[in-house]
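Worksheet: the structure to be examined is printed underneath.
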Amino acid sequence: MDEKNLLLGLGGALTTAAIDWAFEHIWQTTPEVHGQFPYIVVADPLPPVDDLITASVPAIIYAIGHVTDSEPMKSFGVGGAMYGLGMLLKAILLRNVTGLK
83 MDEKNLLLGL GGALTTAAID WAFEHIWQTT PEVHGQFPYI VVADPLPPVD DLITASVPAI
143 IYAIGHVTDS EPMKSFGVGG AMYGLGMLLK AILLRNVTGL K
């Protein structure tokens, strides 16, 4: 991966982190959204829908880059996936190993 694509990957990771932060900020500062979409759990071992949305954004960007054969979009998507998949794995482990809901 060259420097340009490395920076795009970093941008993808930071953008995904910003999306995650926005969802979490809304959840923490607005109690009336608790239990409403996207702050619901579809299946018990999975994290809430807001985490699934956050992780799907880079996957969609990567897929568009793959279809259009755009290396910058693919690099951006891979960077976002590095954050998003790690976040999902952490959330799934916390829910299933520690019982944290």
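First residue of the sequence shown: 83, per the numbering used here; consecutive thereafter.
Even glycine gets a Cβ: it sits at the ideal position worked out from N, Cα and C.
Only a predicted model underlies this, so the values are computations on that prediction, with no experimental measurement involved.
Within the 8 Å Cβ cut-off, does residue i reach chain D?
{"i": "PRO140", "result": "The chain inventory of the structure shown lacks chain D, comprising one protein chain alone."}
Using alpha carbons as the reference points, say which of the options lies closest to residue i.
{"i": "ASP102", "options": "ALA145, PRO127, SER138 and GLN118", "result": "SER138"}
{"i": "ASN87", "options": "GLY94, PRO154, TYR121 and GLY117", "result": "PRO154"}
{"i": "GLY94", "options": "SER152, MET169 and VAL160", "result": "VAL160"}
{"i": "LYS188", "options": "SER152, ASP84 and LEU134", "result": "The structure shown does not extend to residue 188, since the chain spans only 83 to 183, so no value can be given for it."}
With the cut-off set at 8 Å, would you say residue i and residue j are in Cβ contact?
{"i": "PRO140", "j": "GLY166", "result": "yes"}
{"i": "TYR144", "j": "ASP132", "result": "no"}
{"i": "THR98", "j": "GLY147", "result": "no"}
{"i": "LEU170", "j": "PRO129", "result": "yes"}
Report back the beta-carbon spacing between residue i and residue j to the nearest angstrom; my notes put them in contact at under 8 Å.
{"i": "LEU90", "j": "PHE158", "result": "5 Å"}
{"i": "PHE105", "j": "THR150", "result": "So it is not a contact: roughly 28 Å between Cβ atoms."}
Should residue i be listed as close to the ligand GTP, given that the test is whether its C-beta is under 7 Å from any heavy atom?
{"i": "LEU134", "result": "With respect to the ligand GTP, the structure shown offers nothing to examine, as it has no ligands at all."}
Specify whether the stretch 107 to 117 and the stretch 167 to 178 touch according to this definition: at least 3 beta carbon pairs, one from each stretch, less than 8 Å apart. no
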